[in-house]
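Trainee: Following this message is one structure expressed as C-alpha cells.
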Amino acid sequence: DGASTLAYAPVAVTGFAIAFVIDDPVTGKQATSLNLSPRLIAKLMTGSYAGSPDVGRARSDLADNPLSLQLDPEFQQLNPELSTAAAGSTWWSFKASLATLLSVSVKSDMMEALTSYLAADAEAMAFIAGEPDPWGMTVNEAYKDIELPRRSWPLEDDWKLAASAGSCEAEQPIAWFTKLMAPVSDVHKVAEDLLMAKPESTLNREFIQGSKVCKTVRSAQSIGNRTMLGLVTLSDAARYGLPTASLRTAVTEDGATFVAPTTSSLQAAVAAMTSSAAGEPYLPDAAALHESTTAYPGTMVLHAAFPLTGLSATTAEDAASFVTIATTEGQVEGQGMGELPKGYAPLAATGATAGLFAAAQEVATAVARQSGSMAAPASTSTGTAAGTTAGTTAAAPSGGSAVGSQVLAAPQATAVPGLAAPTAAATAAATTTPTPDAAVSGPLRAALPAGLAAAALAGVAVPFVRRTPRERP
3 DGASTLAYAP
13 VAVTGFAIAF
23 VIDDPVTGKQ
33 ATSLNLSPRL
43 IAKLMTGSYA
53 GSPDVGRARS
63 DLADNPLSLQ
73 LDPEFQQLNP
83 ELSTAAAGST
93 WWSFKASLAT
103 LLSVSVKSDM
113 MEALTSYLAA
123 DAEAMAFIAG
133 EPDPWGMTVN
143 EAYKDIELPR
153 RSWPLEDDWK
163 LAASAGSCEA
173 EQPIAWFTKL
183 MAPVSDVHKV
193 AEDLLMAKPE
203 STLNREFIQG
213 SKVCKTVRSA
223 QSIGNRTMLG
233 LVTLSDAARY
243 GLPTASLRTA
253 VTEDGATFVA
263 PTTSSLQAAV
273 AAMTSSAAGE
283 PYLPDAAALH
293 ESTTAYPGTM
303 VLHAAFPLTG
313 LSATTAEDAA
323 SFVTIATTEG
333 QVEGQGMGEL
343 PKGYAPLAAT
353 GATAGLFAAA
363 QEVATAVARQ
373 SGSMAAPAST
383 STGTAAGTTA
393 GTTAAAPSGG
403 SAVGSQVLAA
413 PQATAVPGLA
423 APTAAATAAA
433 TTTPTPDAAV
443 SGPLRAALPA
453 GLAAAALAGV
463 AVPFVRRTPR
473 ERP
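The numbering of the sequence shown is my numbering, which starts it at 3 and goes up by one.
Below, the structure is given as C-alpha cells:
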C-alpha cells in the first residue's frame with residue numbers, strides 16, 4: 003500500500019497496574035497493599051459480581067455468587083488484613099463499586115497486556131470457561147468462553163433489571179452491567195476518577211425536573227468509605243499517588259507469589275521480552291511472566307516508531323539523535339524536563355535492560371541511514387554500538403552520556419500459602435485462540451515520558467496516546 007517500513011526503538015520500560023482506593027474497614031485509613039489473582043480480575047471484568055441483591059435474585063447464573071469483591075472468599079483469603087471487620091460492619095454490605103474494574107472502552111495495548119496475563123493463567127481461564135471456583139462462584143453467562151487476549155473489552159451483557167412503571171429506568175432502560183461497568187474512553191480519566199473516589203457507574207438516575215429526560219447522579223465517595231479499583235498506567239498511578247495491587251505470578255503446592263510494580267520487578271520482566279526481528283517491538287511473554295517469582299506481569303516496553311525510508315537527510319539525522327538522547331540523557335530519573343518520571347524503569351547500556359538499549363541504538367543507525375531496511379549495506383562497517391544486536395551490551399553512542407547500571411532493590415514479592423497449583427485439566431482450559439482483533443500483534447506503541455515530549459519530531463515519533471493503533475502492513 004506504499005506505506006514506509008517502520009522500526010521500533012525501545013525508549014522506556016513501564017506497564018499497566020490495577021490501582022485501588024480502598025479504606026480499611028477497621029481503621030478508616032486508606033489501604034496501601036492489595037493482592038489480586040488473575041481469577042479475581044476475571045471475575046471483576048466479566049460482571050460475575052451482581053453488584054445488587056435485586057440483580058443477584060433475578061439472575062440464576064449469579065444467584066450463588068458474592069455481590070461484590072470484598073464478600074468473595076478468595077479475596078478474603080488473599081487479603082486477610084481487609085477482612086477483619088466486625089460482624090454487622092457496613093464493610094460486609096454489598097458495594098457496587100467493588101463489583102467491577104473501571105477500565106477503558108477503546109482498543110489499547112494495555113488491555114491486550116492485561117488479558118494476556120489472564121489468558122496465561124489456568125485458574126482464570128477455567129473460570130471463564132464455566133468451571134466454578136473452589137467456593138462455587140461461576141462466571142456471568144454473557145462472558146462465558148470469551149476469547150483472550152483481546153485489545154478491547156466488550157459490554158456483552160444486555161440484561162435489564164425490571165423497573166417500576168413511571169420510573170426513570172422504565173422510561174429509558176439501560177442494561178444493568180452497562181451502567182455498572184461504565185468504561186471510559188481515556189485511560190487518564192480512570193486515574194482521575196480513582197483520585198477523586200468518584201465511580202463512573204450510572205446506577206443512580208433521576209428525571210430532570212419538569213421533563214421525562216433522565217440524568218445520571220454521580221457523587222464522590224466519602225473518606226473512610228472509599229472502595230474503587232481501576233486499570234491505569236504505572237505513570238498515572240505514580241503521578242496521582244495511587245496505590246497499586248500486587249499481581250499473582252508463580253503458583254506452587256505451597257503457595258503463590260504476588261509481585262508489586264517496582265523498578266527491579268519491571269527490569270526482571272525485561273528478560274521475558276521478545277522481538278521477532280531487528281527493529282520489531284519487544285513484547286512480553288505472558289506465560290514466562292506468569293512463572294516468575296520476581297518479574298511484574300504488567301510490564302510493557304514503550305517504543306518510538308520511525309520510517310526507514312522517505313525522510314530527508316536532516317529529518318533522519320534528527321530522528322536518530324532523538325533516539326540517542328531519549329535512551330541516554332532521557333533515562334536519568336527525575337521530575338525535570340527531559341528526565342524520566344516515576345512509573346518508568348530506566349534503560350541502561352549494562353545490566354538487565356542492555357538488550358533494549360542496544361536495540362534502540364541499532365534502530366537509530368538504521369533511521370539515519372534511510373535504506374528501507376534494518377540491515378546495513380555490505381560495505382558499511384557495523385563495529386559500533388549502534389550496530390550491535392539486541393541482547394548484547396552496547397556502549398553509549400557519541401553525543402550522549404551513558405546511563406550507569408541501576409542498583410536493583412529486592413523485588414516486592416509476597417508469598418501467600420494455601421493456594422493449590424493448577425491441575426492438568428485446568429491447564430488445558432487455558433489454551434485459547436485469539437479473536438480477530440486480538441490476532442493483531444499490537445506493538446506496544448506508546449509515547450515517551452512527558453519530559454521528552456518537547457523533543458518529539460512531528461510525523462516521526464509515535465503518538466503519545468494511541469487509542470486505536472494503526473495496524474502495520
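We put the beta carbon where it would ideally sit given N, CA and C, even for glycine.
(1) Just to confirm the assignment: which complete beta strand (DSSP E) runs, minimum length 3, are found wholly within the stretch 4-44?
(2) Which of helix, strand or coil does DSSP assign to Ala-441?
(3) If you draw a straight line from the alpha carbon of Leu-249 to that of Pro-151, how long is it in whole angstroms?
(4) Do you know offhand how far Ala-11's Cα is from Gln-79's?
(5) Expressed to the nearest angstrom, what Euclidean distance is found between the alpha-carbon atoms of Ala-279 and Phe-359?
(6) Please say whether Ala-44 and Leu-535 have beta carbons closer to each other than 8 angstroms?
(7) State whether the stretch 222-242 contacts the stretch 93-107, with contact taken as three or more CB pairs (one from each stretch) at a distance under 8 angstroms.
(8) Could you please give me the residues that DSSP links to Ser-237 through a beta bridge?
(9) Is the CB-CB distance between Phe-22 and Pro-245 below 8 angstroms?
(10) Report yes or no: do three or more beta-carbon pairs, one from the stretch 128-148 and one from the stretch 259-275, lie closer than 8 angstroms?
(11) Hey, how far is the Cα of Thr-434 from the Cα of Glu-149?
(12) Given a cut-off of 8 angstroms, decide if Lys-200 and Ala-177 are closer than it, judged by their beta-carbon atoms.
(13) When the distance is taken between beta carbons, is Asn-81 closer than 8 angstroms to Asn-142?
(14) Among Phe-179, Asn-206, Arg-228, Gly-338, which has the Cα closest to the Cα of Met-198?
(15) Excluding sequence positions up to five away, which residues of its chain have a Cβ less than 6 angstroms from the Cβ of Ala-93?
(16) Assign Ala-177 to one of three DSSP states: helix, strand, or coil.
(17) With Val-272 and Ala-354 assumed to form a contact (beta carbons below 8 angstroms), what rounded beta-carbon distance in angstroms separates them?
(18) Out of Glu-341, Ala-321, Pro-348, which has the shortest C-alpha to C-alpha gap to Thr-1?
(19) Considering only residues of the same chain and omitting the five flanking positions on each side of Ile-24, which have a CB-CB separation below 6 angstroms?
(20) Quick one: residues in its chain with C-beta nearer than 6 angstroms to the C-beta of Ala-362, no 5 flanking neighbours on either side, listed in chain order?
(21) Judging by CA-CA distance, which residue of Phe-209, Leu-182, Val-189 is the nearest neighbour of Ser-169?
(22) With H, G and I counted as helix, E and B as strand and the rest as coil, what does DSSP make of Phe-324?
(23) May I ask you to report which of helix, strand or coil DSSP gives Met-113?
(24) Answer yes or no: do Ser-54 and Leu-69 have a C-beta to C-beta separation smaller than 8 angstroms?
(25) Where are the alpha helix (DSSP H) runs, 4 residues long or more, that stay fully inside the stretch 72-142, in chain order?
(26) How would you call Gln-211, buried or exposed, if buried means at least 16 neighbouring beta carbons within 10 angstroms?
(27) Applying the 10 Å Cβ sphere with the 16-neighbour rule, what's the burial state of Pro-185?
(28) Do you know how far the Cα of Glu-83 is from the Cα of Ser-35?
(29) Starting from Val-253, follow its DSSP beta bridges and name the residues at the other end.
(30) Which partner residues of Met-275 appear in the DSSP bridge assignment?
(31) With C-beta atoms as the reference, is Ser-203 less than 8 angstroms away from Lys-181?
(32) Using 10 angstroms around the beta-carbon of Ser-39, count the other beta-carbons present and answer buried if the total reaches 16, otherwise exposed.
(33) Once you ignore the five residues that flank Ala-122 on each side, which residues in its own chain have a CB closer than 6 angstroms to its CB?
(34) Which residue wins for smallest C-alpha separation from Met-275, given the options Leu-205, Gly-357, Ala-19, Pro-343?
(35) What does the Cβ neighbour count give for Asp-195, buried or exposed, with the cut at 16 atoms within 10 Å?
(36) How far does the alpha helix (DSSP H) with Glu-341 in it reach, from first residue to last?
Mentor: The short version:
(1) 8-24
(2) Any answer about Ala-441 is weak, because its pLDDT of 30 lies below 50 and its placement is not dependable; what the coordinates show is given next. Coil, per DSSP.
(3) 17 angstroms
(4) 42 angstroms
(5) 15 angstroms
(6) What the structure shows of the chain is the stretch from 3 to 475, and residue 535 is not part of that stretch, so it cannot be assessed.
(7) yes
(8) Answer is none; Ser-237 lacks a bridge partner.
(9) yes
(10) no
(11) Annotation note: pLDDT 36 at Thr-434 (below 50); position unreliable, coordinate value reported separately. The alpha-carbon atoms of Thr-434 and Glu-149 are separated by roughly 7 angstroms.
(12) no
(13) no
(14) Arg-228
(15) Here residue 93 is Trp; the residue named in the question, Ala, does not match the sequence. Here the set comprises Pro-27, Ala-87.
(16) coil
(17) 5 angstroms
(18) What is shown of the chain runs 3 to 475, which leaves residue 1 out entirely.
(19) Ala-33, Thr-229
(20) Ala-11, Pro-12, Val-325, Thr-329
(21) Phe-209
(22) helix
(23) helix
(24) yes
(25) 75-80, 111-121, 124-130
(26) exposed
(27) buried
(28) 9 angstroms
(29) Ala-258
(30) Pro-286
(31) yes
(32) buried
(33) Ala-288, Ala-289, His-292
(34) Gly-357
(35) buried
(36) First-last for Glu-341: undefined, no H or E at that position.
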